[in-house]
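Enquirer: Residue numbers (mature numbering (1 follows the signal peptide of the UniProt record, and there is no 0)): -23 to -1, 1 to 152.
In this text, a Cβ means the ideal position worked out from N, Cα and C, and glycines have one as well.
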């Protein structure tokens, strides 16, 4: 092979792998959701903040924004928004309700919500991670480790949910 061929190898590899990386996507709603003023929610269709009572808002947008609020520490605002869903019986809505409730110190109630999320979607790794973290709060590392094993079967040991729960079990939870 000549020098030009060697130079083309990285370009060829990059061009073959780029579509695969893009296809995997990014399901992180919190990193791309902008902050809206109080009483408003980010509408993904218009890409603007709109009043949270707007009839044009989808349940998915409300659910995603509730999680965004919870990740910012606005737990009660997140719960209030989840209360406004037309269909609150989704795995994501139950999981985010569990997250906000647990962060408010109501761990047992949060565990119940995680279990409802998992009844709908047993392979929902994020709900299993949060359930495991709740078990750690309750002093039940045995039950947290059970969730860790299930997560490993869902997405492997390198996925974020596995790493985060492993850190919580090891006593080094990320804040």
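Could you pull out every unbroken alpha helix (DSSP H) segment of at least 4 residues lying fully inside the segment 70 to 129, listed in chain order?
Expert: The qualifying runs are 84 to 97 and 102 to 114.
Enquirer: DSSP three-state call for residue 12: helix, strand or coil?
Expert: In the chain shown, residue 12 corresponds to position 35, counting from 1. Correct three-state label for residue 12: coil.
Enquirer: With a threshold of 6 Å on Cβ separation, who are the neighbours of residue 33 within its own chain once the five nearest residues in sequence on each side are excluded?
Expert: Counted from its first residue, the chain shown places residue 33 at position 56. Cβ within range, chain order: n/a, list empty.
Enquirer: Please report the distance separating the alpha-carbon of residue 104 from that of residue 141.
Expert: Position 127 of the chain shown, counted from the first residue, corresponds to residue 104. Position 164 of the chain shown, counted from the first residue, corresponds to residue 141. If you take the alpha carbons of residue 104 and residue 141, they lie about 12 Å apart.
Enquirer: May I ask you to report which of helix, strand or coil DSSP gives residue 49?
Expert: What you label residue 49 is simply residue 72 of the chain shown in a count that begins at 1. Looking at residue 49 - three-state DSSP - the assignment turns out to be coil, as it is neither helix nor strand.
Enquirer: On the CB-based measure, 16 or more other CB atoms within 10 Å of its CB, does residue 39 come out buried or exposed?
Expert: Counting from one through the chain shown, the residue named residue 39 turns up at place 62. Residue 39 is buried by the Cβ-count criterion.
Enquirer: What separation, rounded to the nearest whole angstrom, lies between the Cα atoms of residue 146 and residue 51?
Expert: Here residue 146 is taken as the residue at index 169 of the chain shown, counted from 1. Here residue 51 is taken as the residue at index 74 of the chain shown, counted from 1. Whole-angstrom Cα-Cα distance: 25 Å.
Enquirer: Who does residue 30 pair with in a DSSP beta bridge?
Expert: To locate residue 30, count along the chain shown from 1; it is residue 53. In the DSSP output, where bridge partners are listed per residue, residue 30 has none listed.
Enquirer: Am I right that residue 68 and residue 98 are in contact with their C-beta atoms under 8 Å? What's the rounded C-beta distance?
Expert: Here residue 68 corresponds to residue number 91 of the chain shown, with the count starting at 1. Here residue 98 corresponds to residue number 121 of the chain shown, with the count starting at 1. 4 Å between Cβ atoms; contact.
Enquirer: In this structure, how does DSSP classify residue 37 when only helix, strand and coil are distinguished?
Expert: For the purposes of this step, residue 37 is taken as the residue at position 60 of the chain shown. Helix.
Enquirer: Alpha carbon to alpha carbon, what distance is there between residue 121 and residue 129?
Expert: Residue numbering aside, residue 129 sits at position 152 when the chain shown is read from its first letter. Residue numbering aside, residue 121 sits at position 144 when the chain shown is read from its first letter. If I take the Cα positions, the gap works out to 12 Å.
Enquirer: Note down the Cα distance separating residue 6 from residue 106, rounded to an integer number of angstroms.
Expert: In the chain shown, residue 6 corresponds to position 29, counting from 1. In the chain shown, residue 106 corresponds to position 129, counting from 1. Caution applies to residue 6, whose pLDDT of 45 falls short of 50 and renders its modelled position unreliable; the value that the coordinates give is listed next. Their Cα atoms are separated by approximately 17 Å.
Enquirer: Quick one: measure Cβ to Cβ for residue 56 and residue 74, integer angstroms, because I've assumed they're closer than 8 Å.
Expert: For this step, residue 56 is matched to residue 79 along the chain shown. For this step, residue 74 is matched to residue 97 along the chain shown. 7 Å between Cβ atoms; contact.
Enquirer: Which residues in the same chain have their Cβ closer than 6 Å to the Cβ of residue 36, if we skip the five residues on either side of it in sequence?
Expert: The residue given as residue 36 occupies position 59 in the chain shown. So the qualifying residues of the chain are 62, 63 and 64.
Enquirer: Would you identify the three-state DSSP class for residue 143, choosing helix, strand or coil?
Expert: The count along the chain shown starts at 1 and reaches residue 143 at position 166. Looking at residue 143 - three-state DSSP - the assignment turns out to be helix.
Enquirer: Could you pull the start and end residues of the beta strand (DSSP E) that residue 24 belongs to?
Expert: What you label residue 24 is simply residue 47 of the chain shown in a count that begins at 1. No beta strand (DSSP E) holds residue 24; DSSP gives it neither H nor E.
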